[in-house]
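Shown next, in structure tokens, is the structure this report addresses.
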Amino acid sequence: MTAAAVGEVGRAVKGALSYLHIGWRSPSPAIARLIAAGFAGAMLIAAPTTPVSAQPLSRPAITVAPTLTVEPATEALLPIRIGPPEAVPPNCFVRVRGLPPMAALSEGHAIAPGSWAVPITVLPKLKLRLPPDVAGRTEIMITLVGVDGTLLAEAKSTLVVGPKPVPASGQAKRSADPPATASILRAGAALPAPPEEAQRTRVLPPSGPSPMTPEDRERAVRLMKKGDDQLADGNIAAARLFYERAADAGLAQAAMALAATFDAVEISRSSVRGIQPDAREARRWYERARQLGASEAEQRLRRLGTN
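Written as structure tokens, this is what we have:
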């Protein structure tokens, strides 16, 4: 309300009160109309003339290059950006899955071979460390996870690991110096691998855990139990997060349980309501369970294929 509008309202109220104060007698019809017109005009002046429109709430998004190329035996910056800042809830973190099993990140902690949890505050200085004897390409999944396990955003990128190109025969002889200890990931095509170099390097195995130790299995079983408890309470997002961590650790039963939370048939058999099926995700995790040795995954994959 502007100062002029406030003044108009004040004068109208003062005039009305002054008149009514004189003997408290009833005003004549003409005076009553005058008082009503004064109040109405003052309120019209005070009313806002520009409508206020609600701004839509923004959602967080992950920005990463579609293809990341890096050389083996290096420490390379891993450029991941989360924004806009006002859309990012407090205490959330980034989960990176699909890295080579022997790779490591400079920040955060490993939750399974090839899977890391990283606080968003350290993303500007996040680096990827690769061993010297790997080459090939793998798809990495980057997700933004809330403190309650809710998936807020996700993005995919292809990590391409290739050796340095060999100079042509007319160029100077290749230096015998050891490879540099730091490089920057570049977006674009993979580096060409010469035949002799490709023979001396091993191709990245499919993303997956190494053979489980008894300690790893015990930890994965505990994670799956927490997932079961969350699912029983109706917390589907948290349950999926625990199942995924257990599956990433190599537990086939956890991969089956996670796939079932996306399988329409299995959801219909569950007492939990409000779960949305996703055949693509169900198929992906049944395939993972089959890789981990779950024999019953094959039957469910065939069922999904015919639906």
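In this text, residue positions in the sequence shown follow this note's numbering: the first is 702, and each later residue adds one. Positions of the beta carbon are idealized from the N, C-alpha and C atoms, including for glycine. Bear in mind the structure is a predicted one, so any value in this text is a computation, not a measurement.
Once DSSP output is grouped into helix, strand and coil, what is the label at residue i?
i	result
residue 850	coil
residue 753	Note that residue 753 scores 47 on pLDDT, short of 50, meaning its location in the model is unreliable and no value can be drawn from it.
residue 998	helix
residue 779	coil
residue 762	strand
residue 897	The predicted model places residue 897 with a pLDDT of 46, which falls under 50 and marks its position as unreliable; any figure quoted below should be read in that light. Helix at residue 897.
residue 799	coil
residue 876	Confidence in residue 876 is poor, its pLDDT being 46 and thus under 50, which makes the residue's placement too unreliable to answer from.
residue 920	helix
residue 1006	helix
Less than 8 Å between the C-beta atoms of residue i and residue j, yes or no?
i	j	result
residue 845	residue 795	yes
residue 960	residue 921	no
residue 763	residue 855	yes
residue 939	residue 963	no
residue 787	residue 816	no
residue 1009	residue 766	What the structure shows of the chain is the stretch from 702 to 1008, and residue 1009 is not part of that stretch, so it cannot be assessed.
residue 813	residue 950	yes
residue 808	residue 827	yes
residue 965	residue 928	no
residue 861	residue 768	yes
residue 915	residue 847	no
residue 980	residue 991	no
Contact defined as beta carbons within less than 8 Å: I believe residue i pairs with residue j. What is the distance between those atoms, to the nearest angstrom?
i	j	result
residue 925	residue 955	5 Å
residue 1002	residue 973	Contact doesn't hold; Cβ gap of about 23 Å is too wide.
residue 793	residue 853	6 Å
residue 773	residue 849	Not a contact, Cβ separation roughly 38 Å.
residue 831	residue 801	7 Å
* To do: At 3 residues or longer, and completely inside the segment 801 to 867: list those beta strand (DSSP E) runs for me, N to C.
  => 810 to 813, 816 to 820, 828 to 830, 835 to 846 and 852 to 862
* To do: Tell me the start and end of each unbroken alpha helix (DSSP H) in the segment 922 to 995 that is at least 4 residues and wholly inside, in chain order.
  => 937 to 949, 953 to 961, 965 to 970 and 980 to 992
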